[in-house]
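J.: At position 166 of the sequence shown (counting the first as 1) the number is 383 in our numbering, and the numbers step up by one without a gap. Idealized CB from N, CA, C, for every residue including glycine.
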Amino acid sequence: MSGQNPVFIPGPTNIPDRLRYAMSIQTMDHRAPDFIELLAPLLSDLKKVFKTTTGQVITFPASGTGGWEAAITNTLSPGDKVLVARFGMFSHRWIDLCQRHKLDVEIIECEWGEGAPADLYGERLAADANHEIKAVLVTHNETATGVRSDIGAVRRAMDAAAHPAMLYVDCVSSLASMDFRMDEWGVDLAVSGSQKGFMLATGMAIIGVSQKALEASKTAQCPRTFFDFGDMAGANANGGFPYTPPLQIMYGLRASLDMLFEEGLDNVFARHNRIAEGVREAVRAWGLDLCAKRPDLYSDTVSAIYVPDGFNSDDLTNHIFDTYGVSFGVGLGQMAGKAFRIGHLGSLTDVMALSGISTVEMAMADLGYPVELGSGTRAAQEYYRRTATARPALQSAA
Ligand SMILES: *Cc1c(COP(=O)(O)O)cnc(C)c1O
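(1) Give the DSSP bridge partners of Gln-273, in chain order.
(2) Under a three-way DSSP split, which group does Gly-228 fall into?
(3) Since I believe Ala-333 is in contact with Val-371 (beta carbons under 8 Å), could you give me their beta-carbon distance rounded to a whole number of angstroms?
(4) Provide the residue(s) that pair with Ser-409 in DSSP beta bridges, ordered along the chain.
(5) Count the CB pairs spanning the region 555-563 and the region 587-597 that are closer than 8 Å, and state whether there are at least three.
(6) For Glu-254, name the three-state secondary structure that DSSP assigns.
(7) Just reading off the beta strand (DSSP E) that Val-386 is part of, what are its end residues?
(8) Indicate whether Pro-462 and His-247 have their beta-carbon atoms separated by less than 8 Å.
(9) Would you say the region 408-423 touches the region 540-557, given that touching needs at least three Cβ pairs under 8 Å?
(10) Do Gly-495 and Val-408 have their beta-carbon atoms positioned less than 8 Å apart in this structure?
(11) My parser needs the beta strand (DSSP E) runs of 3 or more residues fully inside the region 501-558; what are they?
(12) Is Thr-360 near ligand 1, in the sense that its beta carbon is under 7 Å from a heavy atom of that ligand?
(13) Of the residues Val-500, Thr-290, Trp-311, which one's Cα is nearest the Cα of Arg-282?
(14) So, at 6 Å on beta carbons, what are the nonlocal neighbours of Phe-225 in its own chain, with the 5 sequence-adjacent residues on each side left out?
(15) Evaluate contact between the region 343-352 and the region 508-526, counting only Cβ atoms and requiring at least three cross-stretch pairs below 8 Å.
(16) Give me the Cα-Cα distance between Phe-528 and Asp-539, rounded to the nearest whole angstrom.
(17) Here's the rule I'm using: 16 or more other beta-carbon atoms within 10 Å means buried, otherwise exposed. How should Glu-578 be labelled?
(18) Is it buried or exposed for Ser-241, if we count other Cβ within 10 angstroms and need 16 for buried?
(19) Which word fits Gly-296, buried or exposed, when buried means at least 16 other C-beta atoms lie within 10 angstroms of its C-beta?
(20) For a quick check, are the C-beta atoms of Ile-275 and Met-449 less than 8 Å apart?
(21) Could you tell me whether the region 489-508 touches the region 287-301, where touching means 3 or more Cβ pairs closer than 8 Å?
(22) Rounded to whole angstroms, what's the CA-CA distance from Leu-533 to Ala-580? Just pull it up for me.
(23) Our contact map puts Ile-368 next to Trp-402 with C-beta atoms below 8 Å; I'd like the distance itself, whole angstroms only.
(24) Within the same chain, show all residues whose beta-carbon is closer than 6 Å to that of Ala-279, passing over the 5 residues directly before and after it, in chain order.
(25) How many Å lie between Leu-474 and Leu-263 at the Cα?
(26) Measure the Cβ-Cβ separation of Phe-277 and Gly-456 and say whether it is below 8 Å.
(27) In angstroms with no decimal places, state the Cα-to-Cα distance between Phe-478 and Leu-565.
(28) Comparing alpha-carbon positions, which option in Lys-268, Gln-273, Leu-337 lies nearest Val-301?
(29) Under 7 Å: does the beta carbon of Gly-228 sit that close to some heavy atom of ligand 1?
(30) Looking only at its own chain, which residues have a Cβ that is under 7 Å from the Cβ of Asn-453, when we skip the five neighbours before and after it?
(31) Within 10 angstroms of its Cβ, does Pro-512 collect 16 or more other Cβ (buried), or is it exposed?
(32) Based on Cα-Cα distance, which residue from Glu-286, Ala-605, Phe-486 lies nearest to Ser-516?
(33) Under 7 Å from any heavy atom of ligand 1, does the C-beta of Phe-397 make it?
(34) With C-beta atoms as the reference, is Ala-288 less than 8 Å away from Tyr-385?
(35) Who pairs with Val-299 in a beta bridge, going by DSSP?
(36) Going by DSSP, what residue range makes up the alpha helix (DSSP H) through Phe-446?
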């Protein structure tokens with residue numbers, strides 16, 4: 218494996234040098250009076266990324282899964298009913314977490330490759346006359362299938378049913394790469410992490426929390442200690458942390474937010490969309506199918522691609538790793554062996570994407586795929602040539 222090659226897994230993502238250097242700091246005293254000067258601007262700047270002015274941000278030393286657990290345990294009690302759609306491995310794992318916390322989980326089963334069904338959420342909520350459903354859970358970007366869901370549509374369905382449930386959104390693989398609007402969409406809990414769009418090492422769960430969710434945390438009965446909102450928010454308000462903070466990641470996050478704001482969030486989203494479109498052009502030229510069923514569901518951070526019948530996608534990803542020293546995402550859950558994933562989020566340019574696309578092609582040629590060598594690369598090249606702009610922003614920020 219060459220350390221020089223980018224990874225094309227959909228998280229953890231490539232860490233730009235600027236962020237690696239920013240994380241390389243000597244130990245500092247987090248009880249010193251100047252810790253607040255690092256912490257307070259981080260929390261307020263993260264609100265800009267979530268696009269919330271009314272909510273607040275709470276972080277924990279954890280991966281995204283810890284963020285899920287914090288969102289659930291702080292705001293719900295055992296036996297509480299939650300409504301959630303299952304359409305991929307990540308929505309499946311969030312459901313499993315809820316069940317282990319003894320919630321009453323009402324599941325809407327969907328075909329993998331579909332998005333969150335706003336109409337079905339609406340129907341179930343309308344039928345819940347006694348308002349037993351306390352929370353609606355949605356995975357914004359299903360990383361297993363490369364599907365982005367319409368959170369605004371889910372919110373409209375909730376409002377149309379005049380249902381008071383809270384809205385919880387997993388935005389781990391979308392925040393800071395694709396547009397996310399916590400206030401506009403009425404999201405109560407938005408769960409993310411440091412190692413995807415923020416381009417950092419794994420180790421910080423980042424959660425947007427509405428006032429309604431904070432209020433719910435005062436009476437919710439699920440046990441929590443390490444992940445307690447009250448302990449964390451209370452300590453943060455006094456300029457501290459309830460335990461030892463992940464200081465290296467916090468310094469990295471300072472630099473990450475600076476990079477995102479220097480490029481401009483809208484430019485970050487446009488860059489992800491453009492890179493993703495090039496990847497999709499390549500998939501089309503290969504004659505292969507995306508798992509995502511329709512263009513409105515296409516994710517700009519990850520593409521899941523079915524291999525032709527008779528081929529095993531694990532053989533493909535293993536061959537690429539062994540022969541060319543590059544990592545791509547494997548098929549997860551029911552897609553194991555059937556699909557591979559190209560992660561195209563975080564610190565990435567069109568030039569880097571082309572290297573990934575052409576590497577996949579070399580491996581497919583090695584393994585006898587009915588795909589013409591160079592066809593996808595050429596399609597992506599044409600797309601990137603057509604849509605090139607002067608001085609790509611990320612380059613000047615790096
Ligand atoms: C990466 C990811 C998570 C969290 O995974 P961790 O490995 O715990 O960070 C959750 N949901 C989605 C959609 C993800 O892509």
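T.: Judging by the given coordinates:
(1) Val-426
(2) coil
(3) 6 Å
(4) Ile-423
(5) no
(6) helix
(7) 383-387
(8) yes
(9) no
(10) no
(11) 519-523
(12) yes
(13) It should be pointed out that residue 282 corresponds to Thr in this sequence rather than to Arg. Ranking the options by Cα distance to Thr-282, first place goes to Trp-311.
(14) Phe-545, Ile-559, Gly-560, Gly-573
(15) no
(16) 18 Å
(17) buried
(18) exposed
(19) exposed
(20) yes
(21) no
(22) 7 Å
(23) 5 Å
(24) Ala-422
(25) 8 Å
(26) no
(27) 16 Å
(28) Leu-337
(29) yes
(30) Leu-256, Leu-260
(31) exposed
(32) Phe-486
(33) no
(34) yes
(35) Val-322, Ala-352
(36) 446-454
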